[in-house]
Amino acid sequence: MKKRVLGFILSAAMVICLCAGCGADNAPEEKAAKTETTGETKQDDAEEEAGDDNILDDVVVDTSRITVKPAENTSGEEIRIAALCVPYGPFWLEVVNGMESAKKLLADYNCTVDLIPLESLDGQLFYDAIQTCIVKEYDVISTFGVSDSICPIVDEATDAGIAVYYYNSDTAQECSRVAFIGQDLYAAGQKAADLMTDILGGKGTVGIITGLFSVNAHELRRTGSEDQFKEKYPDIKLLETIECSDNDQVAYNVATDLLTGNPDLSGIICTANGQIGTAQAIEDLGLEGKVKIVCYDYMDEVIEFLRKGTINATISQGPFDQGANPIVYGYNQVITGKPEVTGNVFTALDVITPENVNEYFPE
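Residues -27 to -1, 1 to 336 in mature numbering (1 follows the signal peptide of the UniProt record, and there is no 0) are what the sequence shown spells out, letter by letter.
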């Protein structure tokens, strides 16, 4: 390893939630529009709606939850790791809890972990941050695999001797990242379709609200659900998927439009952020129990809606592990000279329902 310069932190404006979201107290005035699936997504709506929702002050560090054991740093040389994140909203709190816990754990191994907050899930922001990490000569970069646009700079980082790990979302394009730690996203989409069909008794009209068409993780869940409905469930009528800018206040608006414009609607699948806003829209329209929701993640608001029965099932993805494990895996690779894991390291697809929620989260 080369001698490193001092760490850095990129400043961030607080604008958008990521992959599971902020609350939805008020409906926005404008509806989110669908963007091209092949390009970067404009996030003006989400940026206007999100407000000040930075969660860094709410982090809870718990090193006992980390399942990857760090190797001994017998050389005593300092190791530096950059962890890129978007610290806005309840989902990200668990990811950052994992990152901060790994930071505390590895401090005893002469390893410095710098959390680098970014404004949004914009591919250019991640590209620029990774480029800066190369200049700063980090040993490891842990990053959300936001879009294919980061692949060239990831390859540059690898060529510079930096181990790059993805969490939560993998890129569709292959590149030189060491491993992806997160959900089997396509399978998670299929599972959501299976759950919804079972809840509806095999027939009904279903809408999908996705986060961002430009984020591969959301696309894999969306296509997984759509393909499963089309291939296995002919009695399910599937409406056109709507984007909510990965933001719960925008989701409230688009869900309200979806519900009022489709009186035969019997279920909604939320692929990412948006489940909280969607659930609130259903309650405000008095449709709880009539329109079912299947979604992802288990933030406090989701658990509350599960207990009330407004949300009928949520699929977990281990956000704490996504935050912590890539960092420790990267540290171990630097110490041992070889990666502990490669390819895909999938987290569990546990399903939490109103019937079993107390087993996972006792009152």
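Every residue gets a Cβ at the ideal spot worked out from N, C-alpha and C, and that includes glycine.
Bear in mind that the values here come from a model prediction, so they are computed numbers and not experimental data.
By the CB criterion at 8 Å, A252 and F293 fall outside the cutoff. Burial state of E256 is exposed, judged by a 10 Å Cβ sphere holding fewer than 16 other Cβ atoms. The Cβ atoms of E73 and V108 do not sit closer than 8 Å to each other. In the DSSP annotation of this structure, the continuous segment of the alpha helix (DSSP H) that includes P63 starts and ends at 63 to 80. Per DSSP, reduced to three states, the secondary structure at C148 is coil, with no helix or strand assignment. Taken in chain order, the complete beta strand (DSSP E) segments of 3 or more residues contained in the stretch 221 to 246 are 238 to 243. For a cut-off of 8 Å, the C-beta gap from T116 to I103 is around 7 Å, short enough to register as a contact.
Put simply, the backbone Cα of V324 is about 43 Å away from that of G49. Leaving aside the five residues that flank G118 on each side, the residues in its chain whose CB is nearer than 8 Å to its CB run, in chain order, Y139, Y140, N141, S142, D143, T144, R150, F153, N189, A190. Excluding five sequence positions before and after T131, the CB atoms of its chain that fall closer than 7 Å to its own CB belong to V137, S149, given in chain order.
The Cβ-Cβ distance between Q290 and D273 does not fall below 8 Å. Between G282 and E261 a beta carbon distance of about 7 Å is seen, short of the 8 Å cut, so the two are scored as contacting.
Counting the other CB atoms within 10 Å of its CB gives K164 a total of 16 or more, which places it among the buried residues. When the Cα atoms are used, R53 and I308 turn out to be separated by approximately 12 Å. Listed in chain order, the non-local C-beta contacts of Q156 below 6 Å within the same chain comprise Q290, T320, local neighbours out to five positions each way being set aside.
The residue from L193, F186, G197 with its alpha-carbon nearest to that of E216 is F186. Fully contained in the stretch 90 to 133 are the following beta strand (DSSP E) runs of length 3 or more, in chain order: 113 to 117.
Rounded to whole angstroms, the gap between the alpha carbons of L29 and P207 is 45 Å. Per DSSP, reduced to three states, the secondary structure at G262 is coil, with no helix or strand assignment.
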